[in-house]
Structure formats: C-alpha cells, structure tokens
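Novice: One structure, as structure tokens, below. Some questions next.
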DNA sequence: GTCTATAGCAGGATAGAC
DNA sequence: GTCTATCCTGCTATAGAC
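Chains as they are written, first to last, in our numbering: chain L, 1 to 216; chain Z, 1 to 216.
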C-alpha cells in the first residue's frame, strides 16, 4: 500500500491513505487533517470528492474492501475448480489457504481484517454492505459445496458448521494480537503455516470428518 | 445494570454507568459529559475520583471486568469439581456453558464481550491486564485439565486446540450481530441452546474426540 | 467533597478566492 | 478543481467558589 504516489490522482490517494489510517487507528482517531496530510492534498478535498469523512469511509469499503473480499472468493473458486473432486477436505483447506496464503499480501490481510474487526464492534452501514455483497453469498456457496458430503445434518446445522469454520479462520487471522500474547509466539511465516494446518485439521474434525494423513 | 441508584455513591455509579456506555458506544463516542449526566453527578467527579477519563476506563476493567471474568472461571471450576471424572467432554461442555449459560446475566454477557471485543481491536493497557490476570491463567488451567486425555499431541498443539475452543465460544457469543445477519435468526434463548450444543459438538470433534450421543 | 465556569484545544465542515 | 481562512461545535481538564 505504499503506492500513494502523486501520479495516482487525489481521489485514489485519498482512498488508499484513508484505508491504511482507518485500519491502523480506527475511524475516530483519524482526522481528515491526518488523511489529507498523508495523501498530500488539501483538507477540503475530502469534502469535495466524498461529501465528508463518513462518505470517504464508505467509499473505502465500496472500492477496496469489497473487491478485495471478492479476490479471496475468486482465489478459493479457482482452487476448487482445479481439483478433480471436491471433498470436505479440499473445501476446508482451500478456504483456509485463501485467507492465510491467498491472493492478498500480508499487509492487505492486516488492513482488511482490522477494518472488518472494527466494523464488527462498531457496526455501520459498511458492515451491511459487506454482509450483503460478500459474506452471505460466500457462506451460501461454501454451504452448497459441502452439502453433498454432509447429508445427515440439517440446513441449519450445516450453516452453523460453515460459520464455525469461518470463525476459526478469522479468529486466527485477525486475533493475532491476543494469540501472540497467550502463546508467546510471533506470527512468522513458519508459524502461520502451522496455524493453517491446525485450523484445517480442527475444522475437518469439527465437521465430523476424518482427515487423511498428509505430510505437513 | 439498572442499579445506578443514587444510594450507591458517586464512585460506584460512575463505574456502573461508564461500563454500560463504553460497551454500547465505545470509548471515543462516550464523553464524560454523557457519563456524568447518566450517573447523575457532576462533570468534575470523573477527574476527582479517577484522574480523568482514561483512569475511569481502566478502573472499569479493574473493578468490573476482571472480577466478572473470574466469576466465569469459578463457575467453570465448581462444575468441573462436581463431576466424578473429567473427560474432554465434561471440560468442553462446562466451558461452553460457563460462557453461555453461566453466572452472568444476558446483559452482563453483552457488556463484557462488547468491551472485550473493543479491546481486541483497540488494544490498551486494559487488554494486558485481562490477558495477564485472567485469560492466560485460564487457558493454562484448561490446557492442564485436557492434557491427560490428549496425550498424543504436543504442548503447542494442545494450546492451539484450547485457543480454538475459546475462539468458537467467543465468536458465537460476541459475534451475534453478523451471525444473526447471516443466519437470519435472532439470539433467542432457544437458539442459544442450539448454539451451545453446536459449539460443544464442533469443539469435541475438533479436538479429535467422539462425543457420546446425548439427547438435546 | 461537590459544583460552576471556563480555559484551551481539536475536529468537521464550508465559503469563497484563484 | 484546488486551496486558504474561518466558523462552529464538542471535548477534556482544571481553577476556584461554596
């Protein structure tokens, strides 16, 4: 995200900068004075382009967050379609890796989840957008994929199962802070690999399936 | 928490009120003007008793959050000690119910998790206090309880397993908002029972153990 | 101990020059 | 389209009367 180059146009620079700052410090702690200073443009530009701070915030979701979430989804689907056969294991693994080793840079993952986490605790219109445009459809698609292999459970149970898998993935991705505090381990690349394995295994067992042994 | 009665003393009223308001709207959105108005005391009282807004916030954690978390822990232990034999199932179930059907009123659960969720995304000194005083010891205790039944895995795996169980419990407790949006169901008592069953089952399977059938 | 009044600052928004 | 200057509101914190 260090692409706030001056050749990008004020509008884009504002979106880039605002996203980084909002993620880092939260909506309230960031002033439009901060944003315009970092974006190297004038204070009034925010009002000119986005009709105010709130408008800028929503446009960050419209133009960055939603497309980025779609990239995770596309990555997942490409993976699924490349498999000969979709089993519970391939689905869960593809999902975990789409988040943890997917199309997003580490920096983007960080930003994305910080903003999402903030929305969960301070819900605004942006959360509704994410739920409607990305989360709900994605959950539905994953549920449909798993349906054939989990015949014995109800639709409602299936939904809760899928949510649980997402919960684990999200928790281990965005909860790095307390997790690091409790485990005493930094999120190095190596540790992230370990977490991917852990989440995949735990989810698979959780779904009631046995995972085939697989060299890590 | 509607116990902000005038006979409680200004100090206690301020702690009660501040907790409710901070949980509902977040530290930044709540002014000491709001707090003192609701607590029916003077604006200057916050500075007099707590040396400022931040001091009040930290004292909410010291005097409400930490003791409350300890109550969950105590509830869990009482339950464990009443069992003839501690199995993985009894531990997981006791843990889930301590959070979801435990010693806290629904209102307290709400407040507690909102404040914790806010700390996770906006970490302050309060999070360190919670981790050191409550979370880390509790995780260690649960790990020790499970150790005998999960001999085959390393300490590190065990820790991740325990964190995963907590992750599910916390997600389904504090993540009610997006979950309701996705499932389209309100968190009624009946639905909460269902969630307890789901979390317990998913965790047990996740830990690699088979759950005995049990009438729901 | 409790209150009023106010200092002192920072923020969002906007009017209007260029 | 871009910028400066400014308005207005709201905040925390404190000084000092009672």
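Cβ coordinates follow ideal geometry from the N, Cα and C atoms, glycine included.
The region 37-66 of chain Z: which residues have C-beta closer than 9 Å to a C-beta of chain L, in chain order?
Specialist: Correct list: empty, as no residue qualifies.
Novice: Relative to the C-alpha of residue 208/Z, which candidate in 89/Z, 138/Z, 129/Z has its C-alpha closest?
Specialist: It is 89/Z whose Cα lies nearest to the Cα of residue 208/Z.
Novice: Is it the case that the Cβ atoms of residue 115/L and residue 56/L are separated by a distance below 9 Å?
Specialist: No, these two residues do not count as a Cβ contact at 9 Å.
Novice: So, for residue 161/Z: in the same chain, excluding its five sequence neighbours on each side, which residues have a beta-carbon less than 8 Å away from its beta-carbon?
Specialist: Hits under 8 Å: 146, 150, 153, 206, 207.
Novice: Spatial neighbours of residue 158/L within its chain, please: CB distance less than 8 Å, with the 5 preceding and 5 following residues excluded, ordered by chain position.
Specialist: Excluding positions up to five away in sequence, the list reads 143, 146, 147, 150.
Novice: Counting only beta-carbon atoms, is residue 246/L nearer than 9 Å to chain Z?
Specialist: The displayed coordinates of chain L run from 1 to 216. Any statement about residue 246/L would go beyond what the structure contains.
Novice: Have a look at residue 36/Z and residue 65/Z and give me their C-alpha separation to the nearest angstrom.
Specialist: Straight-line Cα distance between these residues: approximately 20 Å.
Novice: Around the Cβ of residue 167/L, are there at least 16 other Cβ atoms within 10 angstroms (buried) or fewer (exposed)?
Specialist: Classification of residue 167/L: buried, given that the 10 Å Cβ count is 16 or more.
Novice: So, do the region 71-78 of chain L and the region 40-55 of chain L have three or more beta carbon pairs nearer to each other than 8 Å?
Specialist: Verdict: no, contact absent.
Novice: Please state whether the Cβ-Cβ distance between residue 96/Z and residue 169/Z is less than 9 Å.
Specialist: Cβ distance < 9 Å, so residue 96/Z and residue 169/Z count as in contact.
Novice: What separation, rounded to the nearest whole angstrom, lies between the Cα atoms of residue 39/L and residue 16/L?
Specialist: Approximately 8 Å between the Cα atoms of the pair.
Novice: Starting from the Cα of residue 45/L, find the closest Cα among 111/L, 184/L, 18/L and give me that residue.
Specialist: Nearest of 111/L, 184/L, 18/L to residue 45/L, Cα basis: 18/L.
Novice: From 73/L, 174/L, 107/L, pick the residue whose C-alpha is nearest to that of residue 140/L; which is it?
Specialist: Looking at the Cα atoms, 73/L is the closest of the given residues.
Novice: With a threshold of 8 Å, are at least 3 pairs of Cβ atoms found where one atom belongs to the region 189-207 of chain L and the other to the region 125-141 of chain L?
Specialist: Result no; under three Cβ-Cβ pairs closer than 8 Å.
Novice: With a threshold of 16 other CB atoms inside 10 Å of the CB of residue 117/Z, please say whether the residue is buried or exposed.
Specialist: Label assigned to residue 117/Z: buried.
Novice: CA-CA distance, residue 174/Z and residue 83/L?
Specialist: Answer to the nearest angstrom: the Cα atoms are 36 Å apart.
Novice: For residue 179/L, verify whether its CB is less than 8 Å away from any heavy atom of the ligand MN.
Specialist: Ligands displayed in this structure: none; no statement on the ligand MN is therefore possible.
Novice: Please tell me whether residue 171/L has its Cβ less than 9 Å away from any Cβ of chain Z.
Specialist: Interface residue, yes.
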